[in-house]
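Undergrad: For reference, the structure I am asking about is given below.
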Amino acid sequence: MLDKANAASAGSVDENGEHETSMSVLCPLNDTDLPVDASSLKTRQVEVTLRRLGSADVSVDDQLVCLEVLARLAWSDDSVRDEVANTGGIELIIKIMKQLPQHEGIQCNCCLALMSLVRGEGGVCQSNQWNLAKAGAVETMAASMRAFHEGSPNGPAQCLVVFHSIGFGKPNDAGPFVSTCFERCVHCFAQSHDGA
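Below, the structure written as structure tokens:
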């Protein structure tokens, strides 16, 4: 049993005086979520991360970490990409971008999380290209590009990387979507050039 000073720094103490370990947002599973078999660990991580990300009391620092966790989990895993899309994760990420339009870190991590959902060549990624478009990701990223066109290249650069992942250079069935994105990118850069 830990003494109270160590318990306070390592986690919380329950009503029986037992120490409860607080897990990191990087592995957002605590004792009530465990045990989890290995095959469902990623699924549970996605579920807990999305729940934390959408929580009313989540801090901006936790949002940054959760967005990075989502990006890492989905980076090369179609099952995670599909789960994020099917559980409202795309809409949640876009909502966060809209809520914190002046926070460069949030904008970049949201773009990173969105990119992880569309960066592959398979059917899930192609489906998510359209899911992003239908959810308003193109307009939201264009707004982010406009917000950060002065003084910081990171926001626009992240958005362009997502646009590239969405369809630039992918000739397969993405023609209308790519042309729409391209028009919006050109319009955004024209606006930022005119305003500079």
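One point on numbering: in numbering that gives the first Met the number 0, the residue at position 153 of the sequence shown is 152, and numbering is uninterrupted.
Ideal Cβ placement from N, Cα and C applies to all residues, glycine included.
Does DSSP classify D56 as helix, strand or coil?
TA: Taking the sequence shown and counting its residues from 1, the one referred to as residue 56 is at position 57. Here D56 sits in coil by DSSP.
Undergrad: Can you list, in chain order, the residues of its chain whose CB lies under 8 angstroms from that of I95, leaving out five sequence neighbours each side?
TA: The residue labelled residue 95 in the question sits at position 96 within the sequence shown. Cβ neighbours of I95 beyond the five flanking positions: L52, Q62, L66, I105, C109.
Undergrad: Please classify A55 as buried or exposed, where buried requires at least 16 neighbouring CB atoms within 10 angstroms.
TA: The residue labelled residue 55 in the question sits at position 56 within the sequence shown. By the neighbour-count rule (16 or more Cβ atoms within 10 Å), A55 is not buried but exposed.
Undergrad: Which term fits R118, buried or exposed, when burial requires 16 or more other beta carbons within 10 angstroms of its beta carbon?
TA: Counting from 1 along the sequence shown, the entry for residue 118 is found at position 119. Classification of R118: buried, given that the 10 Å Cβ count is 16 or more.
Undergrad: If distances are taken between C-alpha atoms only, which option among W129, E82, L131 comes closest to S39?
TA: Against the sequence shown, residue 39 aligns to sequence position 40. Per the Cα distances, E82.
Undergrad: Rounded to whole angstroms, what's the CA-CA distance from V64 to A134? Just pull it up for me.
TA: Numbered from 1 along the sequence shown, position 65 holds the residue referred to as residue 64. Numbered from 1 along the sequence shown, position 135 holds the residue referred to as residue 134. Going by the C-alpha atoms only, they are around 23 angstroms apart.
Undergrad: How many Å lie between T42 and R145 at the Cα?
TA: The residue labelled residue 42 in the question sits at position 43 within the sequence shown. The residue labelled residue 145 in the question sits at position 146 within the sequence shown. For T42 and R145, the distance between alpha carbons rounds to 35 angstroms.
Undergrad: Kindly indicate which three-state DSSP category Q98 falls into: helix, strand or coil?
TA: In the sequence shown, counting from the first residue as 1, residue 98 sits at position 99. DSSP places Q98 in helix when its eight states are reduced to three.
Undergrad: Would C124 be called buried (16 or more neighbouring beta carbons within 10 Å of its own) or exposed?
TA: On the sequence shown, position 125 is the one that residue 124 refers to. With 16 or more other Cβ atoms within 10 Å, it is buried.
Undergrad: Mind checking which residues open and close the alpha helix (DSSP H) that includes G87?
TA: Taking the sequence shown and counting its residues from 1, one reaches residue 87 at position 88. It is not in any alpha helix (DSSP H) - G87 carries neither H nor E in the DSSP assignment.
Undergrad: Considering only C-alpha positions, which residue in the set I92, Q98, P100, E120 is nearest to V69?
TA: Here the question's residue 69 lines up with position 70 in the sequence shown. The question names Val, yet the displayed sequence has Leu at residue 69. Of the candidates I92, Q98, P100, E120, the one whose C-alpha sits nearest the C-alpha of L69 is I92.
Undergrad: Specify, as a first and last residue, the run of the alpha helix (DSSP H) that G104 falls within.
TA: Along the sequence shown, read from residue 1 onward, the residue named residue 104 stands at position 105. 103 to 117 is the span of the alpha helix (DSSP H), which, as asked, contains G104.
Undergrad: Can you have a look at G88 and say buried or exposed, based on whether 16 or more other CB atoms are within 10 angstroms of its CB?
TA: Within the sequence shown, residue 88 is the residue found at index 89, counting from 1. By the 10 Å Cβ count, G88 comes out buried.
Undergrad: So, at 7 angstroms on beta carbons, what are the nonlocal neighbours of L72 in its own chain, with the 5 sequence-adjacent residues on each side left out?
TA: Mapped onto the sequence shown, residue 72 falls at position 73. Within the same chain, L72 has close Cβ partners K41, Q44, V45, V79.
Undergrad: DSSP on S39, reduced to helix/strand/coil?
TA: In the sequence shown, residue 39 corresponds to position 40, counting from 1. Correct three-state label for S39: helix.
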